[in-house]
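Below is one structure, written out as C-alpha coordinates; the observations come after it.
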Amino acid sequence: MTKILSFTLMFLFSFAGLSMAEQFSATGRGSSEQAAIMSGLNNAVNLAVKQILDDETISKNSQKINSALKGKTKKLARLIQKSDPEFTGAGYELQVTAEVNLKTLENEIDALGLMQDTMGNPRIMVLYNPNLPQGATLGNTRADLEAFFDNSYGAIVDTLAEKGFDVIDKSSAQKFSIQVAETHEMDIDTNKAALYGLKYNADLVLYYQTVGIGRYGYWNYTGGAAKIFLRAQLINPTTSRVVASKDVESASYAGTIQEALYRAAKDVGHKISAVMIESIKKSWKREKAGAGTFIVVLDGISELDDIISFKNSLKTIPGMENIRERESGGGKTTIEIKSGSTADAVKSAVNNVAKQLGWSLKLVRSEGSRSTWKRQ
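Residue numbers (my numbering): 1023 to 1398.
Okay, structure coming up:
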(Lines of atoms letter the chains of each structure in order from A and count residues from 1; the text may use other names and numbers.)
(Lines give C-alpha, C1' and ligand atoms only; values in the text may rest on other atoms or scores of the structure.)
Protein backbone atom coordinates (compact mmCIF):
# COMPACT_ATOMS: atom_id res chain seq x y z
CA MET A 1 0.00 0.00 0.00
CA THR A 2 2.88 2.33 0.90
CA LYS A 3 4.52 1.62 -2.47
CA ILE A 4 1.30 2.41 -4.32
CA LEU A 5 0.90 5.67 -2.41
CA SER A 6 4.52 6.64 -3.10
CA PHE A 7 4.11 5.89 -6.80
CA THR A 8 0.89 7.92 -6.92
CA LEU A 9 2.54 10.91 -5.26
CA MET A 10 5.53 10.68 -7.61
CA PHE A 11 3.17 10.60 -10.59
CA LEU A 12 1.21 13.60 -9.34
CA PHE A 13 4.35 15.62 -8.67
CA SER A 14 5.74 14.71 -12.09
CA PHE A 15 2.49 15.74 -13.75
CA ALA A 16 2.46 19.04 -11.85
CA GLY A 17 6.02 19.72 -12.97
CA LEU A 18 5.19 19.05 -16.60
CA SER A 19 2.12 21.29 -16.44
CA MET A 20 4.38 24.23 -15.53
CA ALA A 21 6.83 23.54 -18.37
CA GLU A 22 6.88 24.87 -21.91
CA GLN A 23 8.95 23.87 -24.92
CA PHE A 24 11.45 26.19 -26.60
CA SER A 25 13.72 25.58 -29.61
CA ALA A 26 17.14 27.17 -29.91
CA THR A 27 20.52 26.91 -31.64
CA GLY A 28 23.56 25.70 -29.71
CA ARG A 29 27.23 26.14 -30.61
CA GLY A 30 30.33 24.79 -28.89
CA SER A 31 33.74 23.17 -29.22
CA SER A 32 32.14 19.75 -28.71
CA GLU A 33 28.72 18.22 -29.20
CA GLN A 34 28.04 18.31 -25.44
CA ALA A 35 29.09 21.96 -25.26
CA ALA A 36 26.75 22.76 -28.16
CA ILE A 37 23.87 21.02 -26.37
CA MET A 38 24.52 23.02 -23.19
CA SER A 39 24.70 26.21 -25.26
CA GLY A 40 21.33 25.35 -26.84
CA LEU A 41 19.77 24.72 -23.40
CA ASN A 42 21.10 28.06 -22.17
CA ASN A 43 19.60 29.80 -25.21
CA ALA A 44 16.26 28.03 -24.62
CA VAL A 45 16.24 29.38 -21.06
CA ASN A 46 17.03 32.86 -22.43
CA LEU A 47 13.99 32.60 -24.73
CA ALA A 48 11.86 31.66 -21.72
CA VAL A 49 13.21 34.70 -19.86
CA LYS A 50 11.99 36.85 -22.77
CA GLN A 51 8.53 35.40 -22.24
CA ILE A 52 8.57 36.64 -18.64
CA LEU A 53 10.39 39.99 -18.95
CA ASP A 54 10.33 42.65 -21.65
CA ASP A 55 13.41 43.47 -23.76
CA GLU A 56 14.13 46.77 -21.98
CA THR A 57 14.17 45.17 -18.54
CA ILE A 58 16.41 42.35 -19.78
CA SER A 59 18.81 44.84 -21.38
CA LYS A 60 19.06 46.94 -18.21
CA ASN A 61 19.51 43.95 -15.91
CA SER A 62 21.30 41.40 -18.11
CA GLN A 63 24.27 41.01 -15.76
CA LYS A 64 22.01 40.55 -12.73
CA ILE A 65 19.85 37.99 -14.58
CA ASN A 66 22.86 36.04 -15.88
CA SER A 67 24.37 35.89 -12.38
CA ALA A 68 21.09 34.66 -10.88
CA LEU A 69 20.69 31.89 -13.49
CA LYS A 70 24.35 30.87 -13.71
CA GLY A 71 24.80 27.13 -13.14
CA LYS A 72 21.04 26.49 -12.98
CA THR A 73 20.41 25.42 -16.58
CA LYS A 74 20.01 21.73 -15.70
CA LYS A 75 17.53 22.69 -12.98
CA LEU A 76 15.51 24.87 -15.36
CA ALA A 77 15.63 23.02 -18.69
CA ARG A 78 15.35 19.43 -19.89
CA LEU A 79 16.49 18.30 -23.34
CA ILE A 80 13.62 16.89 -25.41
CA GLN A 81 15.34 16.39 -28.75
CA LYS A 82 18.36 17.56 -30.73
CA SER A 83 19.40 17.61 -34.36
CA ASP A 84 22.53 15.91 -35.70
CA PRO A 85 25.54 18.10 -34.90
CA GLU A 86 27.18 19.93 -37.79
CA PHE A 87 30.91 20.67 -37.71
CA THR A 88 31.43 24.25 -38.93
CA GLY A 89 35.21 24.32 -38.80
CA ALA A 90 35.21 26.44 -35.65
CA GLY A 91 33.15 23.96 -33.64
CA TYR A 92 29.80 22.18 -33.57
CA GLU A 93 26.32 23.56 -34.19
CA LEU A 94 22.94 21.91 -33.60
CA GLN A 95 19.28 22.63 -32.85
CA VAL A 96 17.72 21.63 -29.54
CA THR A 97 14.17 21.52 -28.23
CA ALA A 98 14.06 21.92 -24.47
CA GLU A 99 11.33 21.86 -21.86
CA VAL A 100 11.76 24.88 -19.55
CA ASN A 101 10.10 24.93 -16.14
CA LEU A 102 8.54 28.39 -16.23
CA LYS A 103 7.38 28.30 -12.61
CA THR A 104 10.90 27.67 -11.32
CA LEU A 105 12.29 30.28 -13.71
CA GLU A 106 9.71 32.84 -12.56
CA ASN A 107 10.69 32.21 -8.95
CA GLU A 108 14.36 32.82 -9.78
CA ILE A 109 13.56 36.08 -11.59
CA ASP A 110 10.96 37.18 -9.06
CA ALA A 111 13.67 37.04 -6.38
CA LEU A 112 15.44 39.80 -8.30
CA GLY A 113 12.42 42.10 -8.00
CA LEU A 114 12.14 42.59 -11.76
CA MET A 115 8.81 40.98 -12.63
CA GLN A 116 6.57 43.65 -11.11
CA ASP A 117 8.62 46.40 -12.75
CA THR A 118 8.31 44.84 -16.18
CA MET A 119 4.56 44.20 -15.97
CA GLY A 120 3.51 47.82 -16.06
CA ASN A 121 -0.23 48.48 -16.18
CA PRO A 122 -2.29 46.71 -18.85
CA ARG A 123 -5.25 48.56 -20.36
CA ILE A 124 -8.32 46.52 -19.49
CA MET A 125 -11.72 46.91 -21.07
CA VAL A 126 -14.61 45.68 -18.92
CA LEU A 127 -17.56 44.64 -21.10
CA TYR A 128 -20.98 43.51 -19.91
CA ASN A 129 -23.48 41.33 -21.76
CA PRO A 130 -26.91 42.49 -20.50
CA ASN A 131 -28.91 39.66 -22.07
CA LEU A 132 -30.19 37.04 -19.65
CA PRO A 133 -30.94 33.32 -20.02
CA GLN A 134 -34.53 32.30 -20.60
CA GLY A 135 -36.52 32.60 -17.39
CA ALA A 136 -33.95 34.73 -15.58
CA THR A 137 -34.73 38.26 -14.42
CA LEU A 138 -32.90 41.12 -12.81
CA GLY A 139 -35.76 43.11 -11.37
CA ASN A 140 -38.92 44.24 -13.07
CA THR A 141 -37.74 47.10 -15.24
CA ARG A 142 -34.89 48.16 -17.50
CA ALA A 143 -33.83 50.53 -14.73
CA ASP A 144 -33.12 47.53 -12.48
CA LEU A 145 -30.87 46.04 -15.13
CA GLU A 146 -29.06 49.35 -15.57
CA ALA A 147 -28.62 49.58 -11.82
CA PHE A 148 -27.01 46.17 -11.80
CA PHE A 149 -24.61 47.24 -14.55
CA ASP A 150 -23.70 50.47 -12.75
CA ASN A 151 -22.90 48.69 -9.49
CA SER A 152 -21.22 45.53 -10.82
CA TYR A 153 -19.13 47.51 -13.32
CA GLY A 154 -18.22 50.09 -10.70
CA ALA A 155 -17.12 47.41 -8.22
CA ILE A 156 -14.97 45.67 -10.84
CA VAL A 157 -13.31 48.91 -11.91
CA ASP A 158 -12.71 49.99 -8.30
CA THR A 159 -10.92 46.73 -7.49
CA LEU A 160 -8.82 46.69 -10.66
CA ALA A 161 -7.85 50.36 -10.32
CA GLU A 162 -6.89 49.82 -6.70
CA LYS A 163 -4.49 47.08 -7.82
CA GLY A 164 -2.85 49.39 -10.37
CA PHE A 165 -4.56 48.34 -13.60
CA ASP A 166 -5.71 50.89 -16.19
CA VAL A 167 -9.39 50.55 -17.13
CA ILE A 168 -10.89 52.01 -20.30
CA ASP A 169 -13.69 54.52 -19.72
CA LYS A 170 -17.22 53.50 -18.79
CA SER A 171 -18.93 55.18 -21.75
CA SER A 172 -17.21 52.80 -24.19
CA ALA A 173 -18.38 49.80 -22.17
CA GLN A 174 -21.95 51.14 -22.11
CA LYS A 175 -21.94 51.47 -25.90
CA PHE A 176 -21.03 47.81 -26.19
CA SER A 177 -23.79 46.75 -23.79
CA ILE A 178 -26.37 48.76 -25.75
CA GLN A 179 -25.27 47.11 -29.00
CA VAL A 180 -25.48 43.66 -27.42
CA ALA A 181 -28.92 44.36 -25.98
CA GLU A 182 -30.21 45.48 -29.38
CA THR A 183 -29.04 42.26 -31.08
CA HIS A 184 -30.97 40.14 -28.52
CA GLU A 185 -28.23 37.52 -28.67
CA MET A 186 -27.59 35.51 -25.52
CA ASP A 187 -24.12 34.14 -26.29
CA ILE A 188 -22.13 36.84 -28.03
CA ASP A 189 -19.13 35.44 -29.89
CA THR A 190 -15.88 36.25 -28.09
CA ASN A 191 -14.60 37.65 -31.38
CA LYS A 192 -17.04 40.57 -31.04
CA ALA A 193 -15.77 41.41 -27.58
CA ALA A 194 -12.18 41.04 -28.81
CA LEU A 195 -12.76 43.35 -31.78
CA TYR A 196 -14.36 45.93 -29.50
CA GLY A 197 -11.34 45.72 -27.24
CA LEU A 198 -8.98 46.27 -30.18
CA LYS A 199 -11.02 49.29 -31.25
CA TYR A 200 -10.26 50.98 -27.94
CA ASN A 201 -6.65 49.70 -27.73
CA ALA A 202 -7.29 47.30 -24.84
CA ASP A 203 -4.55 44.88 -23.83
CA LEU A 204 -7.07 42.52 -22.21
CA VAL A 205 -10.88 42.32 -22.15
CA LEU A 206 -12.82 41.22 -19.07
CA TYR A 207 -16.18 40.14 -20.52
CA TYR A 208 -18.90 39.24 -18.02
CA GLN A 209 -22.47 38.05 -17.99
CA THR A 210 -25.05 37.35 -15.29
CA VAL A 211 -27.11 34.26 -14.75
CA GLY A 212 -29.40 35.02 -11.82
CA ILE A 213 -32.70 36.23 -10.51
CA GLY A 214 -33.99 39.19 -8.55
CA ARG A 215 -37.56 39.47 -7.31
CA TYR A 216 -39.88 40.25 -4.41
CA GLY A 217 -40.99 37.66 -1.89
CA TYR A 218 -38.41 35.03 -2.74
CA TRP A 219 -36.88 32.37 -0.43
CA ASN A 220 -39.64 33.09 2.13
CA TYR A 221 -38.50 36.69 2.33
CA THR A 222 -41.10 39.41 1.92
CA GLY A 223 -38.79 42.19 0.77
CA GLY A 224 -36.44 42.37 -2.17
CA ALA A 225 -33.98 39.55 -2.83
CA ALA A 226 -31.30 38.94 -5.39
CA LYS A 227 -29.19 35.90 -6.10
CA ILE A 228 -26.59 36.50 -8.77
CA PHE A 229 -24.29 34.12 -10.62
CA LEU A 230 -21.68 36.00 -12.62
CA ARG A 231 -19.53 34.38 -15.30
CA ALA A 232 -16.52 36.30 -16.62
CA GLN A 233 -14.03 35.56 -19.39
CA LEU A 234 -10.63 37.15 -19.82
CA ILE A 235 -10.05 37.60 -23.54
CA ASN A 236 -6.85 38.32 -25.43
CA PRO A 237 -8.17 40.80 -28.03
CA THR A 238 -5.28 40.14 -30.43
CA THR A 239 -5.94 36.41 -30.78
CA SER A 240 -9.65 36.41 -29.76
CA ARG A 241 -8.82 33.66 -27.30
CA VAL A 242 -10.30 33.12 -23.85
CA VAL A 243 -7.30 32.94 -21.51
CA ALA A 244 -9.30 32.52 -18.29
CA SER A 245 -12.89 31.87 -17.24
CA LYS A 246 -14.29 32.24 -13.72
CA ASP A 247 -17.67 32.00 -11.96
CA VAL A 248 -18.76 33.68 -8.73
CA GLU A 249 -22.09 34.15 -6.94
CA SER A 250 -23.68 36.40 -4.37
CA ALA A 251 -27.02 36.68 -2.59
CA SER A 252 -28.49 39.75 -0.94
CA TYR A 253 -31.69 40.81 0.82
CA ALA A 254 -33.11 44.29 1.37
CA GLY A 255 -36.31 46.24 1.75
CA THR A 256 -36.63 46.72 -2.02
CA ILE A 257 -35.48 44.71 -4.98
CA GLN A 258 -33.40 47.62 -6.22
CA GLU A 259 -31.45 47.76 -3.00
CA ALA A 260 -30.92 43.99 -3.02
CA LEU A 261 -29.63 44.21 -6.60
CA TYR A 262 -27.26 47.03 -5.70
CA ARG A 263 -25.78 45.03 -2.85
CA ALA A 264 -25.47 41.78 -4.80
CA ALA A 265 -24.05 43.57 -7.83
CA LYS A 266 -21.33 45.28 -5.81
CA ASP A 267 -20.43 42.12 -3.97
CA VAL A 268 -20.25 39.94 -7.08
CA GLY A 269 -18.24 42.61 -8.91
CA HIS A 270 -15.63 42.72 -6.15
CA LYS A 271 -15.49 38.93 -6.08
CA ILE A 272 -14.92 38.45 -9.82
CA SER A 273 -12.20 41.10 -9.88
CA ALA A 274 -10.37 39.46 -6.99
CA VAL A 275 -10.32 36.01 -8.62
CA MET A 276 -9.39 37.40 -12.05
CA ILE A 277 -6.38 39.48 -10.96
CA GLU A 278 -3.92 36.54 -10.96
CA SER A 279 -5.09 35.52 -14.44
CA ILE A 280 -4.65 39.11 -15.64
CA LYS A 281 -1.11 39.27 -14.24
CA LYS A 282 -0.13 35.93 -15.78
CA SER A 283 -1.53 36.81 -19.20
CA TRP A 284 -0.03 40.29 -19.13
CA LYS A 285 3.46 39.01 -18.42
CA ARG A 286 3.27 36.90 -21.57
CA GLU A 287 1.86 39.77 -23.60
CA LYS A 288 4.55 42.20 -22.44
CA ALA A 289 7.22 39.74 -23.49
CA GLY A 290 5.58 39.49 -26.91
CA ALA A 291 5.83 35.72 -26.70
CA GLY A 292 3.27 32.95 -26.76
CA THR A 293 0.66 32.65 -29.52
CA PHE A 294 1.08 34.69 -32.70
CA ILE A 295 -1.49 35.14 -35.44
CA VAL A 296 -0.33 35.77 -39.03
CA VAL A 297 -2.96 36.68 -41.63
CA LEU A 298 -1.85 36.28 -45.25
CA ASP A 299 -4.07 38.26 -47.62
CA GLY A 300 -3.77 37.00 -51.22
CA ILE A 301 -2.49 33.54 -50.27
CA SER A 302 -5.05 30.74 -50.19
CA GLU A 303 -3.81 28.11 -52.67
CA LEU A 304 -2.98 24.83 -50.93
CA ASP A 305 0.51 24.54 -52.48
CA ASP A 306 1.38 28.09 -51.42
CA ILE A 307 0.18 27.49 -47.86
CA ILE A 308 2.16 24.26 -47.54
CA SER A 309 5.30 25.89 -48.97
CA PHE A 310 4.99 28.82 -46.57
CA LYS A 311 4.45 26.63 -43.50
CA ASN A 312 7.27 24.22 -44.38
CA SER A 313 9.71 27.07 -44.98
CA LEU A 314 8.71 28.82 -41.75
CA LYS A 315 9.21 25.61 -39.75
CA THR A 316 12.88 25.53 -40.73
CA ILE A 317 13.49 28.70 -38.71
CA PRO A 318 14.39 27.98 -35.05
CA GLY A 319 11.48 28.75 -32.73
CA MET A 320 8.88 28.67 -35.53
CA GLU A 321 8.26 24.90 -35.65
CA ASN A 322 4.89 24.91 -33.86
CA ILE A 323 2.55 26.09 -36.63
CA ARG A 324 -1.01 25.30 -37.57
CA GLU A 325 -3.49 26.67 -40.07
CA ARG A 326 -6.51 28.20 -38.35
CA GLU A 327 -8.62 29.04 -41.40
CA SER A 328 -8.40 29.59 -45.12
CA GLY A 329 -10.80 31.03 -47.66
CA GLY A 330 -11.84 34.20 -49.41
CA GLY A 331 -8.32 34.74 -50.63
CA LYS A 332 -6.88 34.77 -47.09
CA THR A 333 -5.12 32.30 -44.83
CA THR A 334 -4.72 32.64 -41.08
CA ILE A 335 -1.81 30.85 -39.42
CA GLU A 336 -1.19 30.38 -35.70
CA ILE A 337 2.37 30.15 -34.37
CA LYS A 338 3.27 29.12 -30.82
CA SER A 339 6.76 30.36 -30.09
CA GLY A 340 9.08 31.61 -27.38
CA SER A 341 10.29 34.30 -29.79
CA THR A 342 9.23 37.94 -29.85
CA ALA A 343 6.61 39.55 -32.11
CA ASP A 344 9.40 41.27 -34.08
CA ALA A 345 11.19 37.94 -34.59
CA VAL A 346 8.00 36.40 -35.99
CA LYS A 347 7.49 39.30 -38.40
CA SER A 348 11.12 39.03 -39.50
CA ALA A 349 10.70 35.29 -40.10
CA VAL A 350 7.55 35.83 -42.18
CA ASN A 351 9.31 38.47 -44.27
CA ASN A 352 12.37 36.25 -44.86
CA VAL A 353 10.28 33.23 -45.85
CA ALA A 354 8.31 35.36 -48.32
CA LYS A 355 11.58 36.46 -49.96
CA GLN A 356 12.79 32.86 -50.16
CA LEU A 357 9.58 31.89 -51.95
CA GLY A 358 9.87 34.85 -54.33
CA TRP A 359 6.80 36.59 -52.93
CA SER A 360 6.35 40.28 -52.22
CA LEU A 361 4.55 40.62 -48.90
CA LYS A 362 3.64 43.96 -47.34
CA LEU A 363 2.89 44.33 -43.63
CA VAL A 364 -0.41 46.21 -43.64
CA ARG A 365 -1.39 45.91 -39.98
CA SER A 366 0.28 44.97 -36.70
CA GLU A 367 -1.56 44.65 -33.38
CA GLY A 368 0.49 43.10 -30.59
CA SER A 369 0.86 39.41 -31.44
CA ARG A 370 -1.27 39.68 -34.60
CA SER A 371 0.06 40.80 -37.97
CA THR A 372 -1.65 41.07 -41.36
CA TRP A 373 0.28 40.78 -44.62
CA LYS A 374 -0.86 41.43 -48.20
CA ARG A 375 0.67 39.77 -51.21
CA GLN A 376 1.57 42.37 -53.82
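C-beta atoms are modelled at their ideal positions from N, C-alpha and C, and glycine is treated no differently. No experiment lies behind these values; they were computed from the predicted model shown.
Asked                                                                                                                                                         : Found
Mind checking who I1146 pairs with in its DSSP beta bridge?                                                                                                   : V1189, L1226
Out of K1377, A1099, N1129, E1055, which one is the CA nearest neighbour of N1065?                                                                            : A1099
Across the region 1098–1116 and the region 1078–1086, are there enough close Cβ pairs to call them in contact, namely three or more that are closer than 8 Å? : no
How do the region 1272–1287 and the region 1340–1357 stand: do at least 3 beta-carbon pairs fall below 8 Å, yes or no?                                        : no
Given a threshold of 16 other Cβ atoms within 10 Å of its Cβ, counted over all protein chains shown, does N1334 qualify as buried or as exposed?              : exposed
Taking the straight line between their C-alpha atoms, what separation do you get for S1393 and D1077?                                                         : 20 Å
By Cβ distance below 6 Å, which residues in the same chain neighbour Q1255 in space, the five residues on each side in sequence not counted?                  : Y1229, V1264, S1267
In the structure shown, what three-state DSSP assignment does I1339 receive?                                                                                  : coil
To which residues does DSSP link W1395 through a beta bridge?                                                                                                 : L1320, L1385
Between G1352 and the rest of its own chain, which residues show a CB-CB distance below 8 Å, the 5 nearest in sequence each way excluded?                     : S1324
Considering Cα atoms alone, identify which of T1110, F1198, K1082, E1300 is closest to F1171.                                                                 : F1198
Report the three-state DSSP secondary structure of L1134 (helix, strand or coil).                                                                             : coil
Counting C-beta neighbours from all protein chains within 10 Å, is the total for T1119 16 or more, i.e. buried, or is it exposed?                             : buried
Would M1298 and V1227 qualify as a contact pair, given that the criterion is a beta-carbon distance under 7 Å?                                                : no
Could you check the C-alpha separation between I1302 and A1287 for me, to the nearest Å?                                                                      : 21 Å
So for D1289, helix, strand or coil by DSSP?                                                                                                                  : helix
Apply the 10 Å Cβ neighbour rule to L1383 and answer buried if 16 or more other Cβ atoms are within range, or exposed otherwise.                              : buried
Have a look at E1115, N1123, F1187, V1179 and flag the residue whose alpha-carbon is nearest the alpha-carbon of R1145.                                       : F1187
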